[in-house]
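J.:
In the numbering used here, the protein residues as written are 16 to 109.
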């Protein structure tokens, strides 16, 4: 598994449904990039000027929204993950 460094998190990408509510299938070429995922790992946090770690605002297991073109895509064992900086995380979905 991936262990992020510093203020980074690893998110398992949640794909939107491939079919609209009216039953129309959406081809891959017409899909938007996913912007939400489940946090699967978090780093220790960023070091501040005093040499202390600043805790991150998210926890493992939470579902988050992130910026559209943020992060680095990684595929492990057929599962898509995204490594993001915490600043690219926009909100936690409750």
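Beta carbons are placed, not taken as given, at the ideal position from N, Cα and C, and that holds for glycine.
Since the model is a prediction, treat every value here as computed from it, not as a measurement.
Consider the Cβ of residue 63: report whether some Cβ of chain C lies at a distance smaller than 7 Å.
T.: Among the chains in the structure shown there is no chain C, since it carries only a single protein chain.
J.: Exposed or buried, residue 91, counting other C-beta atoms within 10 Å across all chains shown (16 or more means buried)?
T.: Against the chain shown, residue 91 aligns to sequence position 76. Flag for residue 91 reads exposed.
J.: Helix, strand or coil, according to DSSP, for residue 27 in the structure here?
T.: Here residue 27 refers to the residue found at position 12 when the chain shown is read from its first residue. In the structure shown, residue 27 sits in a strand (DSSP, three-state: E or B).
J.: Please state whether DSSP places residue 61 in a helix, a strand or coil.
T.: The sequence position of residue 61 within the chain shown is 46, counting from 1. DSSP places residue 61 in strand when its eight states are reduced to three.
J.: Let me check one thing: in DSSP terms, what residues is residue 98 bridge-paired to?
T.: Numbered from its first residue, the chain shown carries residue 98 at position 83. In DSSP, residue 98 forms a bridge with 25 and 87.
J.: Would you check if the distance between the CB atom of residue 61 and the CB atom of residue 21 is smaller than 7 Å?
T.: Along the chain shown, one-based indexing puts residue 61 at 46. Along the chain shown, one-based indexing puts residue 21 at 6. Taking 7 Å as the Cβ cut-off, residue 61 and residue 21 qualify as a contacting pair.
J.: Exposed or buried, which one is residue 104 when buried takes at least 16 other CB atoms within 10 Å?
T.: In the chain shown, counting from the first residue as 1, residue 104 sits at position 89. Residue 104 is buried by the Cβ-count criterion.
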